[in-house]
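Q: Sharing a structure below in structure tokens format, with a few things to ask.
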DNA sequence: AAGGTGACTAACA
DNA sequence: ATGTTAGCCACCT
């Protein structure tokens, strides 16, 4: 199974109403430095996918999507539909990570990210 | 096979 | 505090 597949696998485990960051997922798979690759994997996703990609955001809790299928607005709508409070700040959208960040505890990810 | 490319990050200025 | 710079690493040419 390649890197992308593992990214998708983890992304699929994010519960409804929760989010994860790129770096977090990268750290879970291999190195915390591979955050960009996680983003790359998301970008490679087909328009129609069972992967809840909108639940993946950057470390600042903001939506930073550059995709021609979907816009940040679409992502914000998706998250709000799950009950997540997405606040608009000027140009971008912002989410309270303290509240919505999902930290898997059933795995070896341990080392307190919180 | 080598170099370029990012839905990222953390460190600097 | 906000804007820039430089590492990062799997994938594509």
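Numbering (my numbering), first residue to last: 1422 to 1535.
Note that the Cβ used here is the ideal one computed from N, Cα and C, for glycine as well.
Small disclaimer: the values here were computed from a predicted structure and weren't measured.
1. For residue 1513, does the three-state DSSP call read helix, strand or coil?
2. So, residue 1473 versus residue 1496, is the Cβ gap smaller than 8 Å?
3. So residue 1478 and residue 1505 are supposed to be a Cβ contact under 8 Å. How far apart are they, rounded?
4. Under 7 Å Cβ to Cβ from residue 1428, same chain only, skipping five residues before and after it: list those, please.
5. Does residue 1422 pass the burial test, meaning 16 or more other C-beta atoms within 10 Å, or should it be called exposed?
6. Spatial neighbours of residue 1492 within its chain, please: C-beta separation below 8 Å, excluding the five flanking residues on both sides.
7. Excluding sequence positions up to five away, which residues of its chain have a Cβ less than 8 Å from the Cβ of residue 1500?
A: Concretely, from the data shown:
1. For residue 1513, the secondary structure class from DSSP, reduced to helix, strand or coil, is strand.
2. No, the pair does not count as a contact, with Cβ atoms beyond the cut-off.
3. At roughly 10 Å, the Cβ-Cβ gap does not stay under 8 Å, so residue 1478 and residue 1505 are not in contact.
4. In the same chain as residue 1428, and ignoring 5 residues on each side of it, the C-beta atoms closer than 7 Å to its own belong to 1446, 1450, 1459 and 1462, in chain order.
5. It counts as exposed.
6. So the qualifying residues of the chain are 1486.
7. Excluding the 5 residues flanking it on each side, residue 1500 has same chain C-beta neighbours closer than 8 Å at 1440, 1475, 1476, 1507 and 1516, in chain order.
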